[in-house]
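Numbering (my numbering), first residue to last: 4 to 373.
Glycine included, every Cβ here is placed at the ideal spot set by N, Cα and C.
The structure displayed is predicted, hence computed values, not measured ones.
Scroll down for the structure; my scribbles are underneath it.
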């Protein structure tokens with residue numbers, strides 16, 4: 004097993020490199036990069052609040068030249084909207100954002116820095132990318148961990164129950180609920196919860212902003228815990244409702260497949276109790292496919308599944324950070340978070356293989372690799 008883990012860890016390096024170079028190439032081809040956005044600001048075409056999005060250093064260096072630049076007669080065809088700007092100003096903008104270097108050099112410099120976990124400075128927030136990620140991480144971790152925990156605590160027992168009582172009334176009406184949960188996106192549930200319970204049109208039981216109240220630091224520890232749970236209830240419920248359906252059906256189908264196998268019939272013929280058959284024999288085999296999907300489910304919930312939920316409940320997390328970085332072409336934030344999330348995803352896949360062997364010691368990846 005140790006040799007297998009070493010091989011998998013070594014494969015992380017080329018896989019991560021390939022993902023980064025493909026995304027880098029795609030992003031470079033997309034229009035509206037940071038240089039063009041700064042040009043739009045200087046030309047007065049940026050949207051409301053655009054000045055606040057740009058680095059204070061960059062704005063300070065260029066503000067004195069803006070009036071002269073817009074009056075210049077020369078033009079440039081390299082960037083959209085650059086007509087009328089002095090080429091020297093454009094060259095200065097490129098230097099600020101590192102676009103004075105060829106693409107291959109920018110990529111190699113970026114990968115070299117990322118190997119040391121140096122993700123650089125945000126173009127438009129004037130903060131290190133690491134600080135931004137650490138600042139937003141608590142929100143996403145809160146949503147991800149609670150949602151994943153509740154989804155598994157609900158889906159696995161429910162899926163087992165549906166498999167045992169396949170074809171019964173319980174199986175029928177729970178299937179209706181599961182189909183509804185699967186068909187309706189979680190953000191629609193979130194809006195419904197806001198309307199019903201957060202002062203939308205009916206009850207005003209839950210807050211609509213943030214993870215904690217303004218006086219959180221002044222509260223005793225037990226009230227802090229209650230305040231925290233009070234704030235996360237609605238967003239977590241919205242994500243759980245939209246996320247437990249597929250895992251429930253996966254668990255049910257896995258158990259149904261195992262229950263009909265010969266070894267289960269043999270165990271029952273020997274007089275073993277039903278719970279012993281289900282949890283001593285069937286569970287270990289049926290849970291393999293559920294475990295296989297855990298890493299992808301966790302990473303998806305933690306980093307991507309909560310974007311609209313964060314917006315609806317005014318939670319400033321990683322999903323919102325990534326969305327704003329993509330809109331503003333904040334390349335250091337985009338590539339820094341992509342690097343971290345991809346690395347975590349690859350490591351979680353390796354963890355899934357380890358869990359395989361924990362649940363079923365008969366699985367030997369080392370022998371299969373040979």
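query	result
Paired residues, beta bridge with residue 207 - DSSP	201
Given 8 Å, three or more beta-carbon pairs between the stretch 177–187 and the stretch 245–259	yes
Cut-off 6 Å between Cβ atoms - residues of its own chain near residue 163, not counting five sequence neighbours on either side	258
Within 8 Å, strictly: CB atoms of residue 27 and residue 110	yes
Which listed residue (105, 205 and 241) has its alpha carbon closest to that of residue 188	241
Beta-carbon gap between residue 143 and residue 320 smaller than 8 Å	yes
Residues near residue 211 by beta carbon distance below 6 Å, same chain, minus five either side	201
Nearest-angstrom Cα separation, counted from residue 221 out to residue 215	12 Å
8 Å Cβ cutoff met for residue 239 and residue 150	yes
Own chain partners of residue 260 with C-beta closer than 8 Å, once the 5 adjacent residues on each side are dropped	289
Segment limits, alpha helix (DSSP H) that includes residue 185	172–186
Whether residue 38 touches residue 100 by CB criterion (8 Å)	yes
Per-residue burial, residue 292 [other beta carbons within 10 Å of its own, 16 or more giving buried]	exposed
Proximal residues to residue 301 (C-beta, below 8 Å), its chain only, five neighbours per side dropped	147, 151 and 351
Residue 252 versus residue 173 - alpha carbon distance	14 Å
Rounded straight-line distance, which links the Cα of residue 334 to that of residue 105	15 Å
6 Å Cβ shell around residue 103 - same chain, five flanking residues per side excluded	97
Bridge partners - residue 124, DSSP secondary structure assignment	131
Alpha carbon of residue 314 to alpha carbon of residue 194, nearest angstrom	11 Å
Neighbourhood of residue 140 by C-beta, 7 Å cutoff - its chain only, sequence neighbours within 5 removed	321
Nonlocal neighbours in the same chain, by C-beta distance under 7 Å from residue 209, ignoring five residues either side	200, 201, 233, 236 and 237
Same chain only: Cβ atoms within 8 Å of residue 349, ignoring 5 sequence neighbours per side	15, 18 and 19
Any alpha helix (DSSP H) of 4 or more consecutive residues that is wholly inside the stretch 264–342	265–272, 277–280, 286–295, 297–302, 310–315 and 321–331
Distance between residue 94 and residue 77 (C-alpha atoms, nearest Å)	Below a pLDDT of 50, predicted positions are generally treated as unreliable, and residue 77, at 37, falls in that range; no measurement from the model is reported.
Contacting residues, own chain, Cβ-Cβ under 6 Å from residue 153 (five flanking each side not counted)	243
Run of the alpha helix (DSSP H) containing residue 238, from where it starts to where it stops	224–262
Reduced DSSP secondary structure (H/G/I, E/B, other) of residue 104	coil
Element boundaries [alpha helix (DSSP H), containing residue 218]	First-last for residue 218: undefined, no H or E at that position.
Neighbourhood of residue 157 by C-beta distance below 6 Å, restricted to the same chain and skipping five residues each side	247
Inter-residue Cα distance where the pair is residue 198 and residue 310	19 Å
Alpha carbon of residue 75 to alpha carbon of residue 347, nearest angstrom	Model confidence at residue 75 stands at a pLDDT of 39, short of 50, so the residue's coordinates are unreliable; what they give is reported in the following sentence. Each residue's Cα considered, the two are about 49 Å apart.
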